[in-house]
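Undergrad: Mapping to the numbering used here: the sequence shown position 413 is 507, numbers consecutive.
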Amino acid sequence: MRNVLSSSGIQVAQERGMERYNIVVIGAGSGGLVVAAGATGLGARVALAEKHRMGGDCLNTGCVPSKALLAAVKALQHAREGGRFGLNLPEPGPQDWKAVQAWVRSTQARIAPHDSVERFTGLGVEVFQGAARLKSAHEVEIAGRRSGGGTSSSPPAPGRRSPRLPGLAEAGFLTNETVFEMDERPGSLVVMGGGPIGTELGQAFARLGTKVTIVSSTAHICAKEDPDVAAVLAARLRGEGVRILDGSRATRVASRDGKKIVTVARAGGVETEVEADEILVAVGRTANVDGLGLEAAGVRFSKKGIEIDARCRTNVPSVWAVGDVAGGPLFTHWAGHQARVVIRNTLFPGTTRHDLANLPWTTFTEPEIAHVGLNETNAKAGSTPHQVFKVTFDDVDRAVCDGESEGYFAKVVAGPKGEILGATIVHPRAGDLLAELVLAKKHGITLARLSATIHTYPSLSEVNRALGDAYMRTKLTPGTKARLTKVFRWLRR
95 MRNVLSSSGI QVAQERGMER YNIVVIGAGS GGLVVAAGAT GLGARVALAE KHRMGGDCLN
155 TGCVPSKALL AAVKALQHAR EGGRFGLNLP EPGPQDWKAV QAWVRSTQAR IAPHDSVERF
215 TGLGVEVFQG AARLKSAHEV EIAGRRSGGG TSSSPPAPGR RSPRLPGLAE AGFLTNETVF
275 EMDERPGSLV VMGGGPIGTE LGQAFARLGT KVTIVSSTAH ICAKEDPDVA AVLAARLRGE
335 GVRILDGSRA TRVASRDGKK IVTVARAGGV ETEVEADEIL VAVGRTANVD GLGLEAAGVR
395 FSKKGIEIDA RCRTNVPSVW AVGDVAGGPL FTHWAGHQAR VVIRNTLFPG TTRHDLANLP
455 WTTFTEPEIA HVGLNETNAK AGSTPHQVFK VTFDDVDRAV CDGESEGYFA KVVAGPKGEI
515 LGATIVHPRA GDLLAELVLA KKHGITLARL SATIHTYPSL SEVNRALGDA YMRTKLTPGT
575 KARLTKVFRW LRR
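#1: How many angstroms separate the CA atom of residue 497 from the CA atom of residue 265?
#2: For residue 510, which of helix, strand or coil comes out of DSSP?
#3: Where does residue 282 fall in DSSP's three states?
#4: I need the straight-line Cα distance from residue 156 to residue 268, nearest angstrom please.
#5: Where do the N-terminal and C-terminal ends of the beta strand (DSSP E) with residue 323 fall, by residue?
#6: Which residue from 286, 486, 507, 549 puts its Cα closest to that of residue 521?
#7: Give the DSSP-derived three-state secondary structure of residue 200 in the structure shown.
#8: Looking at the secondary structure, which residues open and close the beta strand (DSSP E) in which residue 467 lies?
#9: Using the three-state DSSP reduction, which class does residue 264 fall into: helix, strand or coil?
#10: According to the Cβ coordinates, are residue 418 and residue 431 closer than 9 angstroms?
#11: Rounded C-beta distance between residue 228 and residue 390? I'm assuming under 8 angstroms.
#12: Assign residue 403 to buried or exposed, taking buried as 16 or more other Cβ atoms, counted over all protein chains shown, within 10 Å of its Cβ.
#13: Suppose the cutoff is 6 angstroms on Cβ atoms and the five residues either side in sequence are ignored; what does the same chain contact list for residue 399 look like?
#14: In this structure, does DSSP put residue 192 in helix, strand or coil?
#15: Strictly by DSSP, which residues pair up with residue 307?
#16: Evaluate residue 142 with the Cβ neighbour count: other Cβ atoms within 10 Å of its Cβ, from every protein chain shown; 16 or more gives buried, anything less gives exposed.
#17: What three-state label does DSSP hand residue 402 in the structure shown?
#18: Can you tell me where the beta strand (DSSP E) holding residue 133 begins and where it ends?
#19: Which residue spans inside the region 386-464 form an unbroken alpha helix (DSSP H) run of at least 4?
#20: If I measure Cβ to Cβ from residue 359 and keep anything under 6 angstroms in the same chain, skipping five residues before and after, which residues do I get?
#21: Using the three-state DSSP reduction, which class does residue 561 fall into: helix, strand or coil?
#22: Compute the distance between the beta-carbons of residue 465 and residue 516, then report whether it is under 9 angstroms.
#23: Write down every uninterrupted run of the alpha helix (DSSP H) in the region 146-188 whose length is 4 residues or greater and which is fully enclosed by it, in chain order.
#24: Between the Cα of residue 562 and the Cα atoms of 552, 585, 535, 587, which residue gives the shortest distance?
#25: In whole angstroms, give me the CA-to-CA distance for residue 262 and residue 348.
#26: How many angstroms separate the CA atom of residue 305 from the CA atom of residue 216?
#27: Buried or exposed for residue 134, please, with buried defined as at least 16 other CB atoms from any protein chain shown within 10 angstroms of its CB.
#28: Cutting at 7 angstroms between CB atoms, please list the residues of its own chain near residue 510, excluding the five before and the five after it.
#29: According to DSSP, is residue 121 part of a helix, a strand, or is it coil?
#30: Beta carbon of residue 297, beta carbon of residue 271: below 9 angstroms?
#31: When the Cβ atoms of the region 272-289 are set against those of the region 315-322, are three or more pairs found closer than 8 angstroms?
#32: Roughly how many whole angstroms lie between the Cα atoms of residue 558 and residue 483?
#33: Determine the extent of the alpha helix (DSSP H) in which residue 545 is found, giving its start and end residues.
#34: In chain order, what residues of the same chain lie with their CB nearer than 6 angstroms to the CB of residue 369, ignoring the 5 residues before and after it?
#35: Along the chain, where does the alpha helix (DSSP H) that runs through residue 293 open and close?
#36: Closer than 6 angstroms by C-beta to residue 307: which residues in its own chain qualify, once you throw out the five before and the five after it? Chain order, please.
In structure tokens form, the structure reads like this:
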């Protein structure tokens with residue numbers, strides 16, 4: 095996902111000579127597509143250059159294929175668990191990896207038109223398939239041709255970082271980009287990394303029948319989350335047969351008898367060997383700024399990516415950057431948010447800043463982990479006055495009816511007046527449930543107002559009202575209750 099944007103009368107050098115545009119977008123990832131469509135819709139002349147595939151990582155190698163895979167294995171797992179609902183279902187047999195791949199690809203094919211050359215050409219965007227680079231602060235050179243339709247068949251630019259691990263390159267490894275192209279499902283898999291990518295794909299392959307080991311260098315998987323949150327997911331993964339080696343690091347890789355042997359250093363320096371058919375490197379990605387001509391335009395950048403301010407503007411006033419290339423949070427929805435900020439700042443007066451404080455994220459395992467803002471661990475480590483309110487899904491009737499309550503919970507970190515400072519939900523529908531709390535946090539809707547809001551019964555959304563109720567109960571102090579008791583006693587006379 096490479097989204098570099100130039101604005102304000104940019105000249106583009108192409109085969110037929112110089113052309114002038116209001117905005118030139120380099121990279122058709124999620125951020126670039128939002129800018130191109132939005133600015134064109136407002137009447138600006140926009141050029142969009144993409145040397146690989148439209149849609150960026152999300153459509154081609156990230157969010158879309160992984161979530162399609164997760165949907166398939168979720169259906170498989172629910173079939174296995176039918177007995178707890180009183181259903182007499184046969185145990186699912188071995189799964190056809192090719193059939194699962196076909197489902198994933200059909201899902202991508204259904205979504206691809208949303209990001210296609212045809213769609214954006216139809217919107218009025220001038221799409222070029224080819225490499226683009228900055229020649230100066232106000233000039234962009236595009237090597238490719240203007241497109242009236244069709245898609246590029248070039249592979250996406252990796253922008254990945256793999257561990258400098260002795261023997262890894264020689265043994266070979268998978269990434270989240272290549273894992274969907276395997277001819278066969280591996281019988282065993284070592285996943286390096288216990289973050290969202292590692293846990294999502296680790297659980298998915300375990301459900302398909304692969305023996306999975308996750309090696310995580312942090313004290314617990316999903317290191318950004320509170321320990322009690324990560325513990326729920328870890329217990330679920332272990333219950334499904336996933337081996338988790340947390341607080342560990344891979345030190346070397348070797349090949350032996352057709353297998354890949356990963357040596358792992360555990361706590362205290364004790365080493366253990368893990369044998370697997372394949373290794374999945376799930377340590378995230380870094381910004382890919384090669385070949386963009388940043389030096390020619392005088393744009394500052396580092397190993398982390400292009401340097402931008404809260405307006406998404408670089409040190410060069412006519413050059414803006416959004417998405418992975420800017421080195422911030424690596425989320426599609428963050429890139430889309432930044433893109434909207436850029437549209438406002440480049441085409442309209444005034445200044446709009448990005449809203450990092452209200453950025454939510456979800457790890458799409460089962461259960462999902464969804465979070466926004468301050469977590470309990472950071473709140474306790476800091477100096478911000480706060481209270482923590484926690485509600486279990488055992489108290490939410492719909493969750494009990496769905497058989498999805500045990501061990502799951504929601505919690506908020508709140509300020510003295512009930513303002514939401516942060517929220518975390520652990521539940522199979524956590525990502526959807528968090529949206530109400532994100533809205534409340536952003537717009538200063540307190541827990542008291544959530545408590546007073548009618549929520550449909552029976553629905554999972556009642557967990558958010560219950561968080562408000564938990565806050566309201568703190569207002570009923572022993573002294574207040576004693577005074578009310580006296581009043582009610584007097585009224586009964």
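We treat Cβ as the ideally placed atom computed from N, Cα and C, and that holds for glycine. In this text the structure is predicted, and so the values were computed from the model without any measurement.
TA: In brief:
#1: Translated into the one-based positions of the sequence shown, residue 497 becomes position 403. Translated into the one-based positions of the sequence shown, residue 265 becomes position 171. Approximately 43 angstroms, taken between the alpha carbons.
#2: What you label residue 510 is simply residue 416 of the sequence shown in a count that begins at 1. Residue 510 falls in the coil class under three-state DSSP.
#3: Position 188 of the sequence shown holds residue 282. In this structure, residue 282 counts as strand in the three-state DSSP scheme.
#4: Residue numbering aside, residue 156 sits at position 62 when the sequence shown is read from its first letter. Residue numbering aside, residue 268 sits at position 174 when the sequence shown is read from its first letter. Rounded to the nearest angstrom, the two C-alpha atoms are 14 angstroms apart.
#5: Position 229 of the sequence shown, counted from the first residue, corresponds to residue 323. No beta strand (DSSP E) holds residue 323; the alpha helix (DSSP H) holding it covers 321-333.
#6: The count along the sequence shown starts at 1 and reaches residue 521 at position 427. Closest by alpha carbon: 486.
#7: Stepping through the sequence shown from its first residue, residue 200 is reached at position 106. In this structure, residue 200 counts as helix in the three-state DSSP scheme.
#8: The count along the sequence shown starts at 1 and reaches residue 467 at position 373. Where residue 467 is concerned, the enclosing beta strand (DSSP E) stretches over 462-467.
#9: As a position in the sequence shown, residue 264 is number 170, starting the count at 1. Here residue 264 sits in helix by DSSP.
#10: Locating residue 418 in the sequence shown gives position 324, where the first residue counts as 1. Locating residue 431 in the sequence shown gives position 337, where the first residue counts as 1. Against a cut-off of 9 angstroms, the Cβ pair of residue 431 and residue 418 comes out as no contact.
#11: By one-based count along the sequence shown, residue 228 stands at place 134. By one-based count along the sequence shown, residue 390 stands at place 296. About 6 angstroms separates the two Cβ atoms, so the contact holds.
#12: Residue numbering aside, residue 403 sits at position 309 when the sequence shown is read from its first letter. Exposed: under 16 other Cβ atoms inside 10 Å.
#13: Here residue 399 is taken as the residue at index 305 of the sequence shown, counted from 1. Same-chain partners within the cutoff: 381, 419, 420, 421.
#14: Position 98 of the sequence shown, counted from the start, is the residue given in the question as residue 192. DSSP places residue 192 in helix when its eight states are reduced to three.
#15: By one-based count along the sequence shown, residue 307 stands at place 213. BP columns for residue 307 point to 284, 337.
#16: The residue labelled residue 142 in the question sits at position 48 within the sequence shown. Buried: at least 16 other Cβ atoms inside 10 Å.
#17: Within the sequence shown, the letter at position 308 stands for residue 402. If DSSP states are grouped into helix, strand and coil, residue 402 belongs with coil.
#18: Here residue 133 corresponds to residue number 39 of the sequence shown, with the count starting at 1. Note, residue 133: premise wrong, no beta strand (DSSP E); alpha helix (DSSP H) at 124-135.
#19: 388-391, 426-441
#20: Residue mapping note: residue 359 aligns to position 265 of the sequence shown, counting from 1. Hits under 6 angstroms: 343, 345, 365.
#21: Counting from 1 along the sequence shown, the entry for residue 561 is found at position 467. Residue 561: helix per DSSP, three-state reduction.
#22: Reading the sequence shown from its first residue, position 371 is the one you call residue 465. Reading the sequence shown from its first residue, position 422 is the one you call residue 516. Yes.
#23: 150-154, 157-174
#24: By 1-based counting over the sequence shown, the position of residue 562 is 468. With distances taken between Cα atoms, residue 562 lies closest to 535.
#25: What you label residue 262 is simply residue 168 of the sequence shown in a count that begins at 1. What you label residue 348 is simply residue 254 of the sequence shown in a count that begins at 1. C-alpha separation (whole angstroms): 7 angstroms.
#26: Counted from its first residue, the sequence shown places residue 305 at position 211. Counted from its first residue, the sequence shown places residue 216 at position 122. Approximately 47 angstroms between the Cα atoms of the pair.
#27: For this step, residue 134 is matched to residue 40 along the sequence shown. With 16 or more other Cβ atoms within 10 Å, it is buried.
#28: Locating residue 510 in the sequence shown gives position 416, counting from the first residue. Answer for residue 510: 479, listed in chain order.
#29: Walking along the sequence shown from the start, residue 121 turns up at place 27. Coil, per DSSP.
#30: Here residue 297 refers to the residue found at position 203 of the sequence shown. Here residue 271 refers to the residue found at position 177 of the sequence shown. Result no, Cβ atoms of residue 297 and residue 271 do not sit closer than 9 angstroms.
#31: yes
#32: Within the sequence shown, residue 558 is the residue found at index 464, counting from 1. Within the sequence shown, residue 483 is the residue found at index 389, counting from 1. So the two alpha carbons sit approximately 11 angstroms from each other.
#33: Within the sequence shown, numbered from 1, the residue matching residue 545 stands at position 451. Its alpha helix (DSSP H) spans residues 541-545.
#34: Mapped onto the sequence shown, residue 369 falls at position 275. Only 353, 355 meet the Cβ criterion.
#35: Your numbering for residue 293 matches position 199 in the sequence shown. Where residue 293 is concerned, the enclosing alpha helix (DSSP H) stretches over 290-302.
#36: Taking the first residue of the sequence shown as position 1, residue 307 is located at position 213. Within the same chain, residue 307 has close Cβ partners 284, 337, 368.
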